[in-house]
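Protein chains: 2
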Amino acid sequence: MQIESLIICPETKARAGEFKTDHGKIQTPVFMPVGTAGSVKSLSPQDLTDTGSQIILGNTYHLLLRPGMDIMQSAGGLHKFMSWKGPILTDSGGYQVFSLGKMNKITEAGVVFQSHLDGSRHSLTPEISMDIQRSLGSDIVMAFDECTSYPATREAAQISMDLTHRWELRSLKYFRETKPLYGHRQQLFGIVQGSVYPELRKVSAQTLTDMDFDGYAIGGLSVGEPKEDMYAMTDVVTDILPQDQPRYLMGVGKPEDLVKAVALGVDMFDCVLPTRNARHGIMFTWDGPISVKAAREKNVHEPLDANCNCYTCQNFSRAYLRHLFKANELLVFRLASLHNIHFYHELMAAMRTAIQAGNFPSFRTDFFNRYNLKRAGGTV
Amino acid sequence: MQIESLIICPETKARAGEFKTDHGKIQTPVFMPVGTAGSVKSLSPQDLTDTGSQIILGNTYHLLLRPGMDIMQSAGGLHKFMSWKGPILTDSGGYQVFSLGKMNKITEAGVVFQSHLDGSRHSLTPEISMDIQRSLGSDIVMAFDECTSYPATREAAQISMDLTHRWELRSLKYFRETKPLYGHRQQLFGIVQGSVYPELRKVSAQTLTDMDFDGYAIGGLSVGEPKEDMYAMTDVVTDILPQDQPRYLMGVGKPEDLVKAVALGVDMFDCVLPTRNARHGIMFTWDGPISVKAAREKNVHEPLDANCNCYTCQNFSRAYLRHLFKANELLVFRLASLHNIHFYHELMAAMRTAIQAGNFPSFRTDFFNRYNLKRAGGTV
Numbered sequence: 002m003q004i005e006s007l008i009i010c011p012e013t014k015a016r017a018g019e020f021k022t023d024h025g026k027i028q029t030p031v032f033m034p035v036g037t038a039g040s041v042k043s044l045s046p047q048d049l050t051d052t053g054s055q056i057i058l059g060n061t062y063h064l065l066l067r068p069g070m071d072i073m074q075s076a077g078g079l080h081k082f083m084s085w086k087g088p089i090l091t092d093s094g095g096y097q098v099f100s101l102g103k104m105n106k107i108t109e110a111g112v113v114f115q116s117h118l119d120g121s122r123h124s125l126t127p128e129i130s131m132d133i134q135r136s137l138g139s140d141i142v143m144a145f146d147e148c149t150s151y152p153a154t155r156e157a158a159q160i161s162m163d164l165t166h167r168w169e170l171r172s173l174k175y176f177r178e179t180k181p182l183y184g185h186r187q188q189l190f191g192i193v194q195g196s197v198y199p200e201l202r203k204v205s206a207q208t209l210t211d212m213d214f215d216g217y218a219i220g221g222l223s224v225g226e227p228k229e230d231m232y233a234m235t236d237v238v239t240d241i242l243p244q245d246q247p248r249y250l251m252g253v254g255k256p257e258d259l260v261k262a263v264a265l266g267v268d269m270f271d272c273v274l275p276t277r278n279a280r281h282g283i284m285f286t287w288d289g290p291i292s293v294k295a296a297r298e299k300n301v302h303e304p305l306d307a308n309c310n311c312y313t314c315q316n317f318s319r320a321y322l323r324h325l326f327k328a329n330e331l332l333v334f335r336l337a338s339l340h341n342i343h344f345y346h347e348l349m350a351a352m353r354t355a356i357q358a359g360n361f362p363s364f365r366t367d368f369f370n371r372y373n374l375k376r377a378g379g380t381v
Numbered sequence: 002m003q004i005e006s007l008i009i010c011p012e013t014k015a016r017a018g019e020f021k022t023d024h025g026k027i028q029t030p031v032f033m034p035v036g037t038a039g040s041v042k043s044l045s046p047q048d049l050t051d052t053g054s055q056i057i058l059g060n061t062y063h064l065l066l067r068p069g070m071d072i073m074q075s076a077g078g079l080h081k082f083m084s085w086k087g088p089i090l091t092d093s094g095g096y097q098v099f100s101l102g103k104m105n106k107i108t109e110a111g112v113v114f115q116s117h118l119d120g121s122r123h124s125l126t127p128e129i130s131m132d133i134q135r136s137l138g139s140d141i142v143m144a145f146d147e148c149t150s151y152p153a154t155r156e157a158a159q160i161s162m163d164l165t166h167r168w169e170l171r172s173l174k175y176f177r178e179t180k181p182l183y184g185h186r187q188q189l190f191g192i193v194q195g196s197v198y199p200e201l202r203k204v205s206a207q208t209l210t211d212m213d214f215d216g217y218a219i220g221g222l223s224v225g226e227p228k229e230d231m232y233a234m235t236d237v238v239t240d241i242l243p244q245d246q247p248r249y250l251m252g253v254g255k256p257e258d259l260v261k262a263v264a265l266g267v268d269m270f271d272c273v274l275p276t277r278n279a280r281h282g283i284m285f286t287w288d289g290p291i292s293v294k295a296a297r298e299k300n301v302h303e304p305l306d307a308n309c310n311c312y313t314c315q316n317f318s319r320a321y322l323r324h325l326f327k328a329n330e331l332l333v334f335r336l337a338s339l340h341n342i343h344f345y346h347e348l349m350a351a352m353r354t355a356i357q358a359g360n361f362p363s364f365r366t367d368f369f370n371r372y373n374l375k376r377a378g379g380t381v
């Protein structure tokens, strides 16, 4: 998967480009809203298009358990099931097996786990993960890895990383032996592990690059490690990954993380933060996050951001949004999510424009001068 | 308030017409979605427009308690607060004081009650109800009445009705002495009471007609009485109310109720049923209500109604809707509500077309031949 029209910031490692899938072109850097169970929480496909979403994420673990792959296949895949016409990336299921499922056994073959929903027993192996992602029909498939938990000793991190490399090679081999089910092309990304150890991260990045995936993800970060480790590992890895293929930092992050990671050469991000925070009334603005449920907003008949052109800011005041939260009205979860997802996409688009215009460093300075990380009172 | 372009079915009392408000023209018969607390549950103003909503309802009791009239006035009224540009009808608050609030005292002056939210004490009198509805800025204001509870003896019903008539006269007098706050015209509807006693209903309809309101509501029905009483009372009342003004049957009802009441000469309806049922997966179709949560829908990759042009039916299968319900995904409450509200509006539009075309009786026959009241298994 080639990154085309690539422009690299001369002062940082920030990149702007684009790449193609059979469901459309993606302009980078890009944020991918998370559609866990076949729906980006509270938002319709039309809402996603309206907010500027180019590609969304689906979670293999959740969709495997519910609705299950028999229904998914008879629906004709996830695109048709959820009526999303753009590109979809699916994860391998591994991360959520470890974080949500009840793990029964990890062996060289893969994992056996019990569903957090009904206790039913399932296996996930590199081959099964590829089969599931074939059933989902995602445009971008993730190799099956073990997300090394944090903290991990260097020895444990290396053992985990080596297992991941063997699983990823099996993923790649099996993926190449199988075919898409629905007529459109699927591409496979490898995932770099190595915990917070630069030498392991270098080995992992080089090992995966040598395997020749269609793109590369940086996994095992944003799992509790200090922020400086997250950035240091990202920096090490992007120095090694091929320039002409997309790099995806999994599970990141806050707006300030996106700006910092773009500067380190990352092209793709996903995170539940904008939608989850929205459901709790934490709204993102260029001045920082604000809590629209706060008492000070109750008589503020102004939008969240007077310059924002999302549906929410074009039509509703902070006072109204606060009222809806207080009255527990369903509408507000959508209105809040619309704004936050729109903000994330605007932020990515602004970075892309700055990179293309050659002024990303000053954009970044301006962003951090204005953006007050603590504005919502430490609740973000 | 004149009903214009009035066409009356020769075989029944069904009517098609239109009337004007400062926020737009309303074509009758019309169904009004209920926006209890300043939001039709899960739907945005754009959704309401897209489904064909011409006018919506707001609840005085709910909006008085939250956000309160200080915030409502500083917002510039309910239209601006909730960003709805079409007409709004508000109730008088009386019904919900009796059904939700903790009643402390009913006197000739009015009622004193405690909020169901925080126990705070409030009064509602005809004059206060008018003031609140001036603050809300609704296009159609309802006179303050006592909704006679069911069952009531004839004597109790008469005492209640007489009190209602005195309160309605005070409502009318005070309404005429006060002015709209936001520059657009407001009009006042009287409410006919009289429980299930035809003689009382006749007296009430005549008394209110003599007072000369802008339109007339039929209240105190759909409160537990047998359906045949509801229709009989409606029939008695519409014989007396002026032909050239709108008639509104409050709180009704199911699709079959709407068809029957239109045949009895009713122009306007409101009910929480389409949105409440939607949130429980009960979906209305021309073949009757269905439960989309039922196991039989899990592999049905067809819309609720292949001929429906709502956003939900144009994009999503029953299997997907069922999955969203099972996964408790917020999106489904909106998708289900969109369909049900759209169905209600389509039903009203179909009746209007049939009345105008002179074939309402055959429309009604066809409707009841096709519509299976029990299809959802008695859950509707």
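Protein chains in written order, with our numbering: chain A, 2 to 381; chain B, 2 to 381.
Backbone N, C-alpha and C fix where the C-beta goes; we use that ideal spot for every residue, glycine too.
B:GLU5 carries a strand assignment under DSSP once its states are collapsed to helix, strand and coil. Per the DSSP secondary-structure output, B:SER124 pairs in a beta bridge with B:VAL113. Separation of A:ARG177 and A:GLN3 (C-alpha to C-alpha, rounded to the nearest whole angstrom) is 18 angstroms.
Below the 7 angstroms Cβ cutoff, chain A contributes LEU331 and LEU332 as neighbours of B:SER43, in chain order. Counting other Cβ atoms within 10 Å of its Cβ, B:ARG297 stays below 16 and is therefore classed as exposed.
Between B:PRO30 and B:MET231, the CB-CB gap reaches or exceeds 7 angstroms. A:ASP271 is classed as buried because its beta carbon has at least 16 other beta carbons within 10 Å across all chains shown. Contact of A:PRO46 with chain B by beta-carbon distance below 8 angstroms involves ASN316. Taking 7 angstroms as the threshold, the shortest C-beta distance from A:PRO127 to chain B does not fall below it.
When beta bridges are read from the DSSP output, A:TYR217 appears opposite A:GLY191 and A:ARG248. Leaving aside the five residues that flank B:THR313 on each side, the residues in its chain whose CB is nearer than 6 angstroms to its CB run, in chain order, LEU336, LEU339 and HIS340.
B:GLN55 sits buried, since 16 or more C-beta atoms from the chains shown fall within 10 Å of its C-beta.
Distance check between A:GLY53 and each of A:PRO88, A:ALA76 and A:GLY77 places A:PRO88 closest, using alpha-carbon atoms only. Per DSSP, A:ALA358 is not a residue of any beta strand (DSSP E); the alpha helix (DSSP H) it occupies stretches across 332-358.
DSSP places B:GLN28 outside any alpha helix (DSSP H); the residue lies instead in the beta strand (DSSP E), whose first and last residues are 25-29.
Using a Cβ distance threshold of 7 angstroms, A:ASN300 and A:ALA328 do not count as a contacting pair.
Under the Cβ criterion of 7 angstroms, B:ALA76 is counted among the residues facing chain A. By the C-beta criterion, the segment 173-187 of chain B is judged not to be in contact with the segment 253-267 of chain B, since fewer than 3 inter-stretch pairs fall below 8 angstroms. Proximity of A:ARG297 to chain B, defined by a Cβ-Cβ separation below 7 angstroms, is not satisfied. Taking 7 angstroms as the cut-off between beta carbons, the residues of the segment 55-69 of chain B near chain A are ARG67 and PRO68, in sequence order.
A:ASN341 is outside the set of residues whose beta carbon lies under 7 angstroms from a beta carbon in chain B. As the crow flies, the alpha-carbon of A:LYS21 is around 38 angstroms from that of B:LYS294. Approximately 14 angstroms separates the beta-carbon atoms of B:PHE344 and B:GLY282; this is outside 8 angstroms, ruling out the contact. Scanning B:LYS86, B:GLY77, B:ASN105 and B:GLY216 for the CA closest to the CA of B:ILE241 turns up B:GLY216. In the assembly as shown, A:ARG171 is a buried residue. Its beta-carbon has 16 or more other beta-carbons within 10 Å.
Between the alpha carbons of A:MET234 and A:PRO227 lies a distance of about 11 angstroms.
By alpha-carbon distance to B:PRO275, the top candidate from B:GLY25, B:LEU49, B:LEU7 and B:GLU12 is B:LEU49. A:GLU303 has its alpha-carbon roughly 15 angstroms from the corresponding atom of B:LEU79. For A:ASN105, the three-state secondary structure derived from DSSP is strand. Taking all protein chains shown into account, A:GLU200 has fewer than 16 neighbouring C-beta atoms within 10 Å of its C-beta and is therefore exposed. The beta carbon of A:HIS302 falls within 7 angstroms of a beta carbon belonging to chain B, placing the residue at that interface. Sequence-ordered contacts of the segment 79-103 of chain A with chain B read PHE82, MET83 and SER84 [C-beta pairs closer than 7 angstroms]. B:ALA206 has a beta carbon lying at 7 angstroms or more from every beta carbon in chain A. Three or more Cβ pairs closer than 8 angstroms define a contact, and the segment 33-45 of chain B meets that threshold against the segment 60-68 of chain B. Taking the Cα positions, B:SER84 is about 33 angstroms away from B:ILE8. By the CB criterion at 7 angstroms, B:VAL197 and B:ALA206 fall outside the cutoff.
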